[in-house]
Structures are given as C-alpha cells and as structure tokens.
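Chains as they are written, first to last, in the working numbering: chain A, 60 to 358; chain B, 88 to 394.
All C-beta atoms, glycine included, are put in the ideal place defined by N, C-alpha and C.
A short write-up of the structure that comes next.
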Amino acid sequence: MKSRTHSLEPVVFNTFNAIVMIALGIVTLYPFLNTIAVSFNAGNDTLRGGIYLWPRIWTWQNYNAVFAGGTIFHAFWVSVARTLIATVLSLFLTSMLAYTISRKEYVFRQPITIIVVLTMYFNAGLIPNYFLIKDLHLLNHFAVYVVPGLISAFNMIVIRTYMQTLPEGLIESAKVDGAGDFRTFFSIILPLCQPVLATVALFVAVGQWNSWFDTFLYASSKLNLSTLQYELMKLLSSASLSNSNPSVANGNNPAAINMVTPLSIRASITIVASLPILVVYPFLQKYFVHGLQLGGVKE
Amino acid sequence: MTAPKSSFLKRMRSQKQLMLMSLPMLLYVFLFSYYPLWGWTQAFQNFKPALSFSQQEWVGLKQFRFLFRDDTFLLVLRNTIAMSFINLVLGFVTAIVFAILLNEIKTRLYKRAIQTISYLPHFLSWIIVTGLVANALSVDGGIINVVLMKLGFIHEPIMWLSKPHYFWGIVGASHVWKEIGWNTIIYLAAITSIDPSLYEAAEIDGANRYRKMLNITLPGIKSIVIILVIMNLGWIMDAGFEVQYFLGNGVVVDWSQTIDIFVLKYGIQIGNYSLATAAGIFKTVVSVALIFAANTTAKRFGEDRLI
Numbered sequence: 060m061k062s063r064t065h066s067l068e069p070v071v072f073n074t075f076n077a078i079v080m081i082a083l084g085i086v087t088l089y090p091f092l093n094t095i096a097v098s099f100n101a102g103n104d105t106l107r108g109g110i111y112l113w114p115r116i117w118t119w120q121n122y123n124a125v126f127a128g129g130t131i132f133h134a135f136w137v138s139v140a141r142t143l144i145a146t147v148l149s150l151f152l153t154s155m156l157a158y159t160i161s162r163k164e165y166v167f168r169q170p171i172t173i174i175v176v177l178t179m180y181f182n183a184g185l186i187p188n189y190f191l192i193k194d195l196h197l198l199n200h201f202a203v204y205v206v207p208g209l210i211s212a213f214n215m216i217v218i219r220t221y222m223q224t225l226p227e228g229l230i231e232s233a234k235v236d237g238a239g240d241f242r243t244f245f246s247i248i249l250p251l252c253q254p255v256l257a258t259v260a261l262f263v264a265v266g267q268w269n270s271w272f273d274t275f276l277y278a279s280s281k282l283n284l285s286t287l288q289y290e291l292m293k294l295l296s297s298a299s300l301s302n303s304n305p306s307v308a309n310g311n312n313p314a315a316i317n318m319v320t321p322l323s324i325r326a327s328i329t330i331v332a333s334l335p336i337l338v339v340y341p342f343l344q345k346y347f348v349h350g351l352q353l354g355g356v357k358e
Numbered sequence: 088m089t090a091p092k093s094s095f096l097k098r099m100r101s102q103k104q105l106m107l108m109s110l111p112m113l114l115y116v117f118l119f120s121y122y123p124l125w126g127w128t129q130a131f132q133n134f135k136p137a138l139s140f141s142q143q144e145w146v147g148l149k150q151f152r153f154l155f156r157d158d159t160f161l162l163v164l165r166n167t168i169a170m171s172f173i174n175l176v177l178g179f180v181t182a183i184v185f186a187i188l189l190n191e192i193k194t195r196l197y198k199r200a201i202q203t204i205s206y207l208p209h210f211l212s213w214i215i216v217t218g219l220v221a222n223a224l225s226v227d228g229g230i231i232n233v234v235l236m237k238l239g240f241i242h243e244p245i246m247w248l249s250k251p252h253y254f255w256g257i258v259g260a261s262h263v264w265k266e267i268g269w270n271t272i273i274y275l276a277a278i279t280s281i282d283p284s285l286y287e288a289a290e291i292d293g294a295n296r297y298r299k300m301l302n303i304t305l306p307g308i309k310s311i312v313i314i315l316v317i318m319n320l321g322w323i324m325d326a327g328f329e330v331q332y333f334l335g336n337g338v339v340v341d342w343s344q345t346i347d348i349f350v351l352k353y354g355i356q357i358g359n360y361s362l363a364t365a366a367g368i369f370k371t372v373v374s375v376a377l378i379f380a381a382n383t384t385a386k387r388f389g390e391d392r393l394i
C-alpha cells in the first residue's frame with residue numbers, strides 16, 4: 060500500500076521474529092521430549108546413545124520400577140500430602156491476614172504491612188533457622204514441611220492488592236446487615252477472590268511440590284519422610300557419578316540384563332515429578348499473568 | 088492529645104475481629120522470621136550447641152575478621168557477585184527483548200502458545216532443570232555436543248561441566264532458560280499499558296517499527312525496569328544455591344561455590360555454626376544496605392521507587 064521499502068520491512072522483521080520464537084520453542088521443549096523418549100526406552104539401550112525424540116526399544120519398565128512400591132512410591136505420596144496440606148493451610152491463613160490489611164480503617168494496617176513485607180528482605184539465615192526448627196522439635200517430623208513456610212509476604216501482597224480492587228460497597232452493605240469481619244471475610248470476600256486464590260495456590264503448590272532442601276536439612280535421616288524431589292536429587296548425584304565411570308556405560312556387558320539403569324529411572328522420575336505441574340499450570344495461566352501484572356505494575 | 092487517643096482506642100475496640108484475624112499470623116511471623124534473629128548472637132561467640140547461652144564464650148568480631156582473611160570466603164564472595172551480576176544483566180536483557188518481540192505478534196493463538204511454552208520451565212524445580220542441563224551438556228550424546236559436532240564447529244565433545252571458565256556462563260544460560268518467559272510477563276504488561284495514541288502519532292510522523300520501539304516502547308517501560316533493578320539489587324548476594332550445588336563438582340569448585348553453599352558447608356556439615364552465621368549476617372546486611380541505597384538513588388533521579 061505504501062512505498063516498496065515499507066512493504067518489505069515487515070516481512071523481514073516478521074520472519075526474524077518467527078525464527079526467534081521457533082528457536083525458543085525448540086530449546087524449551089526439546090529437553091522434555093528427549094527425557095520422555097529416554098524414560099520409555101530400555102535403560103541398557105539408552106547407554107548406547109542416540110536417543111533423541113523417539114524411544115528405540117519401548118518399555119514400561121522404568122515406570123514400573125518407579126511405581127513398584129518401595130521408597131520412590133512412598134516419596135511420591137509424601138510429596139502429594141505435603142503439597143495438599145500446606146497449600147490449603149497457607150492459602151487460608153495468608154488470605155485472612157491479607158483481608159485485615161486490605162481494610163483501610165484498620166488501625167494496625169500499616170505496622171502489620173511493614174512487619175510482614177520486611178521479611179522479604181530480612182532473613183536470619185540458615186543456621187539460626189536450623190536451630191529454631193530444632194528447638195521446636197520439628198526435626199524429622201512431617202510438620203517441618205508445612206509449618207515453617209505457611210506465610211509468604213509476596214503472596215500476601217498479591218492477595219491484598221486483589222482484595223482492594225473489590226467494590227467497597229459490598230463490604231459496607233454487609234456491615235449494615237450486621238455482619239462482622241469474620242462473616243464478611245468468609246462469605247463475601249473469600250468467594251470473590253477465587254481467581255487470585257487459584258494463582259497463589261499454584262505458587263504455593265509448586266513451591267511445596269518442588270521443595271527438597273527441607274528434606275535434606277531437617278528430615279534426611281527419616282526414610283519415610285523422603286519426598287519425590289529429594290529422591291530425584293539423590294539419584295541425580297549418583298547418576299552423574301556413574302556417568303563419568305566408563306565401566307557402567309559399557310552397553311555390551313552381558314551382565315547388564317537389567318533393563319533399568321539410574322539414568323532411565325531418573326528420566327521417568329523427572330517426568331512423574333513435572334507432570335502434575337505441566338497439567339495444571341496452563342489452565343491457571345490467565346489468572347497468574349493478571350495477578351502478577353496487578354502486583355507488579357501498580358506496586 | 089487526649090481526643091485522638093481515645094478515638095484510637097474506640098476504633099481499636101470496634102475492630103476486635105480484625106485484630107483477632109491478624110493475631111495468629113503476626114505471632115507466626117515473629118516466631119519464624121524475627122525470633123531467629125536472636126541467633127545472630129552466635130556470630131559473636133565460639134558457639135557450642137551443648138552449652139547454655141550464659142556459658143558461651145564471647146569472641147567479639149573474631150569470626151568476621153577470619154572471614155575476610157579467608158581465601159575461600161573471598162573466592163565465594165567473588166563467585167556470588169559475579170554470577171548474580173551475570174544473571175541480572177542477562178535476565179533483564181533477554182526478557183525485555185523477548186517481551187518486545189512477543190508484543191509484535193498479532194495472532195492471538197500463536198502468541199499464547201509461545202507464552203505457555205516459555206513459562207513452562209519456571210514451574211520446574213532446579214533439580215529437574217539442572218538434570219536437563221547436565222544431560223544436554225553431557226559428553227556422551229548430550230545434544231549441545233552433538234549439534235556442535237554435526238555442524239562441524241568442534242571435532243570431539245567438550246566436557247562443559249569440567250571447565251571452570253565455562254561455569255558462570257552455564258549458570259547464566261540455565262537461568263535464562265528457566266526464567267525468560269516468566270520475567271517477560273511484567274514487561275509485556277507494561278508495554279500493553281502504553282498509550283496507543285503515542286504510536287499513532289509516531290506513525291503519522293513517519294516513524295518505522297524500530298523508531299517506535301526505541302522512542303516509545305523502551306521509554307514506556309523505563310520506570311518498571313528501574314523498580315525491578317532496585318528489587319533485584321537487594322538480592323545480589325543470592326546468586327542461587329541449587330544450580331551451583333548440583334552442577335558444581337570438584338574440578339570447578341573455585342568458580343562454582345556461592346555464599347549459601349559456604350554457609351551450608353561450614354554450618355551444617357563441618358559444624359562451625361559461628362562462622363556460618365557470620366557469613367549469613369554479612370549477606371543479609373549487604374542486601375538490606377543495597378536495597379536502601381538503590382531506593383535512595385532512584386528517589387534522587389525522580390523515578391518511581393519501591394519503598
């Protein structure tokens with residue numbers, strides 16, 4: 060429509076843009092597709108190399124080994140339990156505190172906000188925290204997964220910011236009808252906060268599901284408290300050791316009848332450990348994008 | 088004086104329920120975030136867990152003096168700052184460029200697909216990510232070596248993770264891979280909130296796409312970039328722990344160890360709690376000082392600020 064130089068320029072740019080996007084897509088997705096292929100390939104065959112996007116010798120053995128019972132199976136359920144319990148508790152308690160500081164008339168609004176937000180920057184550090192956990196007798200106890208991480212200042216700010224966008228009139232009319240703050244919070248505010256609660260639930264659940272350091276630090280001597288990520292971490296260190304050891308990588312070894320290797324088990328646990336998140340997050344995407352924008356741009 | 092005070096008390100009395108709702112969590116925050124600060128006293132003692140507080144031996148600044156004369160700690164400090172800085176710069180540049188490119192995509196479905204893919208790695212644990220990175224870089228059949236060899240750039244596989252000088256770059260690249268999509272969200276929002284009439288006016292003036300990016304989009308997101316830089320400066324002592332812990336090995340240890348790994352090693356594994364606490368205090372104090380310094384600087388330049 061315009062001059063010729065003008066009509067050529069968008070084509071060049073769009074082609075360049077498309078190439079960048081496709082490259083990014085490949086770089087992001089390839090490691091997963093490769094891991095899926097490895098997880099379905101016979102372990103001793105994988106050691107020969109050359110598995111890219113498709114398994115050479117199909118097998119369910121790696122997954123059977125993961126779910127056959129025993130430590131990894133148990134660890135899976137510990138991960139599920141801590142994720143569910145901590146998410147529900149944290150969501151409830153964080154939003155209750157967020158509600159109080161979303162009320163402009165609340166006399167302690169400012170001090171509470173400052174006290175909580177400061178914790179984002181101020182941390183006593185690893186050693187004092189370790190002694191606190193020890194003094195509270197939480198070492199080697201399931202509660203150590205849930206109790207220390209119940210509140211995050213960031214999540215509280217996100218919830219508070221959302222609550223402040225709700226129409227003030229709702230709360231006033233509830234007050235006129237004689238509802239106290241407990242009633243207002245439970246029956247009016249909380250149901251309206253579903254989008255932001257879904258977002259924060261995702262954040263908390265992902266954090267819980269991915270956590271391994273608390274197991275490592277506080278519960279490593281109790282095998283029945285091991286989590287999926289912690290088992291994966293143990294395998295990662297052992298597998299990288301055997302990777303550098305050429306005798307293990309010898310696929311022609313007739314003694315290697317066992318189809319399962321640390322490498323193939325690791326691939327299948329990686330898939331099991333990431334699948335729940337991959338299934339859930341695309342559905343919550345529009346909420347967390349919106350939530351982050353609210354929290355980020357307006358703060 | 089008395090009038091506002093009594094109205095304050097009156098308001099307090101009418102807000103019993105709000106106070107009751109915030110009390111449990113407030114106690115919780117004090118117990119888990121502020122009470123452990125008491126543990127900082129350990130850094131000024133020769134702390135022995137078996138002894139009670141009054142029995143501890145006080146040594147003043149001895150631990151701190153030791154830290155700053157210790158070659159390992161100085162290396163660890165260098166590594167932490169270097170890797171943070173690399174992550175910060177790489178993270179910002181790639182996210183801003185990616186946001187601008189994403190913004191130019193007009194097909195909704197295509198844009199959403201790219202976004203969904205790019206957010207994905209953010210939700211994975213560092214254990215999984217470092218596992219994927221180690222796989223990609225491995226000597227036998229790692230995709231990076233395979234591709235470089237097929238393209239003829241190298242003739243035999245490079246042992247990426249055993250080369251000390253590559254370590255910082257690998258950590259930086261891993262961070263970009265994991266967080267580029269996530270970091271983009273906020274810039275994309277900032278770009279979308281730029282007044283479209285600015286672009287229309289520029290178009291009438293004959294500005295092309297690049298001019299518009301340079302003179303409208305970039306200035307339009309300047310203030311959000313500054314806020315985020317300030318926030319991230321406060322975390323410069325947090326170069327991360329997991330990446331270095333999982334990808335590091337004996338060969339690259341002089342380039343891979345960070346303060347957090349140092350604290351873990353001295354504190355939990357060797358049992359020198361006082362020295363580890365001192366290192367932790369140093370980290371927190373520097374972070375808070377940086378936050379306030381950056382905040383004041385931003386205020387002086389008349390930009391939006393964090394606090």
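Judged by beta-carbon spacing, Gln356 of chain B lies beyond the 8 angstroms limit of Leu162 of chain B, meaning their Cβ atoms are not closer than that value. Proximity of Ser141 of chain B to chain A, defined by a Cβ-Cβ separation below 8 angstroms, is not satisfied. A direct Cα-to-Cα measurement between Phe151 of chain A and Asn270 of chain B gives close to 28 angstroms. Leu196 of chain B and Leu189 of chain B have their C-alpha atoms roughly 12 angstroms apart. Cβ neighbours of Phe160 of chain B within its own chain (closer than 6 angstroms, five residues either side excluded): Leu154.
Contact between the region 255-262 of chain A and the region 142-151 of chain A is established, with three or more Cβ pairs separated by less than 8 angstroms. What Met155 of chain A touches in chain B, judged by beta-carbon distance under 9 angstroms, is Met108, Ser109, Pro111 and Met112, going in chain order. Contact between the region 289-302 of chain B and the region 205-222 of chain B is absent: fewer than 3 CB-CB pairs across the two stretches fall below 8 angstroms.
Its Cα nearest to that of Ala366 of chain B, the residue B:Gly354 stands out among B:Ala376, B:Gly354 and B:Val375.
Sequence-distant partners of Phe349 of chain B (beyond 5 residues in either direction) whose C-beta falls short of 8 angstroms from its own C-beta, in its chain, are Thr159, Phe160, Val163, Ala363 and Ala366. Contact check between the region 260-267 of chain A and the region 104-114 of chain A: fewer than three CB pairs, one atom from each, fall below 8 angstroms, which does not count as touching. With a cutoff of 8 angstroms on beta-carbon distance, Val330 of chain B and Trp213 of chain B are scored as near each other. Under the Cβ distance rule, Met222 of chain A does not count among the residues neighbouring chain B, no pair being separated by less than 8 angstroms.
Residue contact check for Tyr180 of chain A against chain B: a CB pair falls below 8 angstroms.
Residue-level contact by beta carbon fails for Gln132 of chain B and chain A, as no gap is shorter than 8 angstroms.
When the five nearest sequence neighbours on each side are left out, the beta carbons in the same chain lying within less than 7 angstroms of the beta carbon of Ala157 of chain A are those of Met215, Ile218, Arg219 and Met222, in order along the chain. With distances taken between CA atoms, Ser93 of chain B lies nearest to A:Val166 out of A:Val166, A:Val79 and A:Lys293. Residue-level contact by beta carbon holds for Trp271 of chain A and chain B, with a gap shorter than 8 angstroms. Asn100 of chain A is bridged by DSSP to A:Trp117. In the DSSP assignment, the residues bridged to Trp145 of chain B are B:Gln132.
Straight-line spacing of the CA atoms in Met106 of chain B and Gly126 of chain B works out to 29 angstroms. Residue burial annotation: Thr74 of chain A is exposed, with fewer than 16 other C-beta atoms found within 10 angstroms of its C-beta. For Pro207 of chain A, no alpha helix (DSSP H) run applies, since DSSP gives it neither H nor E. Here Leu287 of chain A is near Ile328 of chain A, since their CB atoms are less than 8 angstroms apart. Taking 8 angstroms as the threshold, the shortest C-beta distance from Val375 of chain B to chain A falls below it. The beta-carbon distance between Gln104 of chain B and Gly239 of chain A, rounded to whole angstroms, is 5 angstroms. This is short enough to meet the 8 angstroms contact definition. Nearest CB-CB separation between Asn100 of chain A and chain B: not below the 8 angstroms threshold. For the C-beta of Met99 of chain B, the chain A residues within less than 8 angstroms are, from N- to C-terminus, Val166. Against Ser232 of chain A, chain B offers no close residue; the least beta-carbon distance is about 17 angstroms (beta-carbon pairs closer than 7 angstroms). Between the beta-carbon of Val175 of chain A and that of Ala326 of chain A there is about 41 angstroms, and that puts the pair past the 8 angstroms contact cut.
Annotation for Gly259 of chain B: the continuous alpha helix (DSSP H) segment containing it runs Phe254 to Thr279. Glu243 of chain B sits in coil when the DSSP states are folded into three classes, being neither helix nor strand. Among the CB atoms of chain B, one or more fall inside 8 angstroms of the CB of Tyr89 of chain A. Using a Cβ-Cβ distance cut-off of 8 angstroms, the region 339-353 of chain A and the region 126-140 of chain A are not in contact, since fewer than three pairs of beta carbons, one from each stretch, lie closer than that value. A residue is called buried when at least 16 other Cβ atoms come within 10 angstroms of its Cβ; Trp117 of chain A does not meet this threshold and is exposed.
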